[in-house]
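Here's the structure we're looking at; comments come further down.
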């Protein structure tokens, strides 16, 4: 049972209702996370704005899912691991690639550098070492991509912490945090 309930779509102000209607029109549903963010329309709108801006960056949808999965697993967020497993699958990641991302790795050097950096950012609370930055660059990440990984990790930490605190019902195919393999 959620600690903080998602808003009642029918009972919100007209601006928030329009935002939620737009989400539903775009993705076919209003995820419980978004409806929980709508408790504070400023938070919902800020999240959507940053998410939209980052979707226009250099990282592909699959790469964004890799970062989200590495971050969500590190933060033990079952809601986000479940949601991003579905999104990653939709972006073309195989079941093995989804599991690898959750473990902070990937099959090719660039994606591996993304996953490793994301996991290190979470583990060190952003205080990565010079060796971590050098490894990211050696893996093929540009400074622009490194900055994008930081932003994606920050966005995902926000969702991870919100979900871990509020405990919304998971409205995606549920993925266990325990990893086989």
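Numbering (the working numbering), first residue to last: -16 to 164. Where is the CB? At the ideal position from N, CA and C, for every residue including glycine. Given the structure is predicted, the values throughout are model-derived calculations rather than measurements.
Collapsed DSSP secondary structure at residue i in the structure displayed
i: residue 131; result: helix
i: residue 125; result: coil
i: residue 115; result: helix
i: residue 39; result: coil
i: residue 66; result: helix
i: residue 141; result: helix
i: residue 10; result: helix
Residue i burial status per 10 Å Cβ neighbour count (16 or more: buried)
i: residue 25; result: exposed
i: residue 131; result: buried
i: residue 157; result: exposed
i: residue 144; result: exposed
i: residue 49; result: buried
i: residue 68; result: buried
i: residue 124; result: buried
Cβ-Cβ separation, residue j to residue i (assumed contact under 8 Å), whole Å
i: residue 81; j: residue 104; result: Wrong, their Cβ atoms sit about 20 Å apart, outside the cutoff.
i: residue 14; j: residue 154; result: 6 Å
i: residue 138; j: residue 34; result: 6 Å
i: residue 107; j: residue -14; result: At roughly 28 Å, the Cβ-Cβ gap does not stay under 8 Å, so residue 107 and residue -14 are not in contact.
Backbone CA spacing between residue i and residue j [nearest angstrom]
i: residue 30; j: residue 20; result: 8 Å
i: residue 5; j: residue 113; result: 43 Å
i: residue 75; j: residue 95; result: 16 Å
i: residue -2; j: residue -10; result: 13 Å
i: residue 93; j: residue 46; result: 9 Å
i: residue 91; j: residue 117; result: 17 Å
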